[in-house]
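Visitor:
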Ligand SMILES: Nc1ncnc2c1ncn2[C@@H]1O[C@H](COP(=O)(O)OP(=O)(O)OP(=O)(O)O)[C@@H](O)[C@H]1O
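In the working numbering, the protein residues as written are 1 to 300.
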């Protein structure tokens, strides 16, 4: 069931179009990754979805149009690209303050539990002024989780944090998704999106260049996979025929001493290739099939 529908969203600054006629829908329970290079329009798009900026044209429908604006706000949590922190507040006070702004009641135990989920519970009494960039990012995520919202919009939740913290945040996002929450987040990190998302959209110059599951994106781009094989010597009389066969079924053949690698464009061709090697009656020491990564797709 679609929980968010954006239709023909546009944002123009002067005569410059930053988001250009973008439509997409997100289903309940999805982990939706929104990828793009610097300046592609990701933040502008997410800021329109969360009401931070007003679209020049287009329509946004959330929760099937149920409820009033106040209700939408209560049911969503937002980590914007630039969060505001009041330096003189402690982490716990910060959450209490923003709970009041959002109009949700939170008790002490809830604040502690939120801080624990982002691994800041030990720092609850410290002034936010003393927090590192990564700690502020985690506090921003805890802030987005205030009121136990159904849907989270997170603008680059892991950028600028160390690898271990990024991993913890990814785990947390997974847990939240398992609890039934819908998560829409932007990222530059191709590997994290590849690991945790159910669906991905790639934005280029204000437009959606591709959208779908990782498998669908791979299929869309019909990407080649690389098969590498290491084997014992092939009988001299069979080498030429085998070499010609490889050139026929694939591309970019690299032919070396008792090893070769080749790009093929289907699983059937991987199987045919392995069958052909077996028929040579050589010993096979190693077979490696490397699938296209999201990076290949993104950069294609
Ligand atoms: N208020 C504004 N006035 C004019 N141009 C703007 C404004 N806000 C954003 N832009 C421009 O819109 C384009 C898209 O910006 P946006 O911040 O949405 O990109 P992004 O994909 O989130 O980039 P990044 O990954 O660097 O955060 C950029 O070229 C930016 O300069």
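A virtual CB, placed ideally from N, CA and C, is assigned to each residue, including glycine.
#1: Taking residue 86 as the reference, give the member of 104, 35, 128, 117 with the closest Cα.
#2: Determine the direct distance from the alpha carbon of residue 246 to that of residue 273, and round the result to whole angstroms.
#3: Quick check on DSSP: helix, strand or coil for residue 22?
#4: What does DSSP give as the partner residues of residue 286 in its beta bridges?
#5: If you count every other CB in all the chains shown that lies within 10 Å of the CB of residue 163, and 16 or more means buried, which is it?
#6: Rounded to whole angstroms, what is the Cα-Cα separation between residue 224 and residue 25?
#7: Can you tell me the Cα-Cα spacing of residue 203 and residue 289, whole angstroms?
#8: Out of 4, 74, 95, which one is the CA nearest neighbour of residue 84?
#9: Rounded to whole angstroms, what is the Cα-Cα separation between residue 249 and residue 117?
#10: Following the continuous alpha helix (DSSP H) through residue 93, name the residue where it begins and the one where it ends.
#11: Under the assumption that residue 106 contacts residue 74 (Cβ atoms under 8 Å), give the Cβ distance between them as a whole number of angstroms.
#12: Using only the heavy atoms of ligand 1, determine whether one of them is closer than 7 Å to the beta carbon of residue 33.
#13: Among all the DSSP beta bridges, which residues are the ones paired with residue 10?
#14: Going by DSSP, which residues form a beta bridge with residue 204?
#15: Rounded C-beta distance between residue 78 and residue 41? I'm assuming under 8 Å.
#16: Tell me, which residues are paired with residue 255 by DSSP?
#17: Assuming residue 270 is part of the beta strand (DSSP E), what are its boundary residues?
#18: So, for residue 45: in the same chain, excluding its five sequence neighbours on each side, which residues have a beta-carbon less than 6 Å away from its beta-carbon?
#19: Does DSSP put residue 83 in a helix, in a strand, or in coil?
#20: Does the segment 112 to 126 come within contact of the segment 44 to 58, defined as at least 3 CB pairs closer than 8 Å?
#21: Counting only runs that start and end within the segment 116 to 160, where is the alpha helix (DSSP H) found for 4 or more residues in a row?
#22: Quick check on the DSSP output: the alpha helix (DSSP H) that includes residue 217 runs from which residue to which?
#23: Going by Cα to Cα distance, which pick from 137, 194, 206 is closest to residue 217?
#24: Per DSSP, what kind of secondary structure is residue 182 in: helix, strand or coil?
#25: Inspect the beta-carbon positions of residue 54 and residue 5 and report whether they are closer than 8 Å.
#26: What number of angstroms, rounded off, separates the C-alpha of residue 56 from the C-alpha of residue 166?
#27: Between the beta-carbon of residue 31 and the beta-carbon of residue 286, is there less than 8 Å?
#28: What residue range does the beta strand (DSSP E) around residue 63 cover?
#29: Once DSSP output is grouped into helix, strand and coil, what is the label at residue 41?
#30: Going along the chain, which residues of its own chain have a beta-carbon closer than 8 Å to the beta-carbon of residue 259, five neighbours each way excluded?
Guide: Working from what's here:
#1: Here residue 86 corresponds to residue number 86 of the chain shown, with the count starting at 1. Considering only alpha carbons, the answer is 128.
#2: By one-based count along the chain shown, residue 273 stands at place 273. By one-based count along the chain shown, residue 246 stands at place 246. Looking at the two C-alpha atoms, the distance is approximately 8 Å.
#3: In the chain shown, counting from the first residue as 1, residue 22 sits at position 22. Residue 22: strand per DSSP, three-state reduction.
#4: Here residue 286 is taken as the residue at index 286 of the chain shown, counted from 1. Answer by DSSP bridge pairing, in chain order: 230.
#5: Counting from 1 along the chain shown, the entry for residue 163 is found at position 163. Exposed: under 16 other Cβ atoms inside 10 Å.
#6: As a working note, residue 224 is residue 224 in the chain shown. As a working note, residue 25 is residue 25 in the chain shown. When rounded, the distance between both Cα atoms is 29 Å.
#7: As a working note, residue 203 is residue 203 in the chain shown. As a working note, residue 289 is residue 289 in the chain shown. When rounded, the distance between both Cα atoms is 29 Å.
#8: As a position in the chain shown, residue 84 is number 84, starting the count at 1. Out of 4, 74, 95, 95 has the C-alpha closest to the C-alpha of residue 84.
#9: Here residue 249 refers to the residue found at position 249 when the chain shown is read from its first residue. Here residue 117 refers to the residue found at position 117 when the chain shown is read from its first residue. Spanning the two alpha carbons is a distance of roughly 51 Å.
#10: Locating residue 93 in the chain shown gives position 93, counting from the first residue. Per DSSP, residue 93 belongs to the alpha helix (DSSP H) from 91 to 102.
#11: Here residue 106 refers to the residue found at position 106 when the chain shown is read from its first residue. Here residue 74 refers to the residue found at position 74 when the chain shown is read from its first residue. That pair is no contact at about 13 Å.
#12: For the purposes of this step, residue 33 is taken as the residue at position 33 of the chain shown. Every heavy atom of ligand 1 is 7 Å or more from the Cβ of residue 33, so no.
#13: For the purposes of this step, residue 10 is taken as the residue at position 10 of the chain shown. The partner list for residue 10 (beta bridge, DSSP) reads 57.
#14: Walking along the chain shown from the start, residue 204 turns up at place 204. Residue 204 is bridged to 207.
#15: As a position in the chain shown, residue 78 is number 78, starting the count at 1. As a position in the chain shown, residue 41 is number 41, starting the count at 1. Their Cβ separation, rounded to whole angstroms, is 18 Å, which puts residue 78 and residue 41 out of contact at 8 Å.
#16: Counting from one through the chain shown, the residue named residue 255 turns up at place 255. Note: residue 255 sits in a beta bridge opposite 260.
#17: The sequence position of residue 270 within the chain shown is 270, counting from 1. First-last for residue 270: 267 to 279, but that is the alpha helix (DSSP H), not the beta strand (DSSP E).
#18: Taking the chain shown and counting its residues from 1, the one referred to as residue 45 is at position 45. Excluding residues within five positions, the ones whose Cβ falls inside 6 Å are 19.
#19: Here residue 83 refers to the residue found at position 83 when the chain shown is read from its first residue. Three-state DSSP puts residue 83 in coil, outside helix and strand.
#20: no
#21: 133 to 144
#22: The residue given as residue 217 occupies position 217 in the chain shown. Residue 217 -> alpha helix (DSSP H) spans 214 to 221.
#23: Residue 217 sits at position 217 when you count from the first residue of the chain shown. Nearest option by C-alpha distance: 194.
#24: Within the chain shown, residue 182 is the residue found at index 182, counting from 1. Residue 182: strand per DSSP, three-state reduction.
#25: If you number the chain shown from 1, residue 54 lands on position 54. If you number the chain shown from 1, residue 5 lands on position 5. Cβ distance not < 8 Å, so residue 54 and residue 5 don't count as in contact.
#26: Translated into positions along the chain shown, residue 56 becomes position 56. Translated into positions along the chain shown, residue 166 becomes position 166. Whole-angstrom Cα-Cα distance: 34 Å.
#27: As a position in the chain shown, residue 31 is number 31, starting the count at 1. As a position in the chain shown, residue 286 is number 286, starting the count at 1. No, the Cβ-Cβ distance between residue 31 and residue 286 is not below 8 Å.
#28: By 1-based counting over the chain shown, the position of residue 63 is 63. No beta strand (DSSP E) holds residue 63; DSSP gives it neither H nor E.
#29: As a first step, residue 41 must be located in the chain shown, where it is residue number 41. Three-state result, residue 41: coil.
#30: In the chain shown, counting from the first residue as 1, residue 259 sits at position 259. Counting only Cβ-Cβ distances below 8 Å, and skipping sequence neighbours, we find 228, 229, 230, 231.
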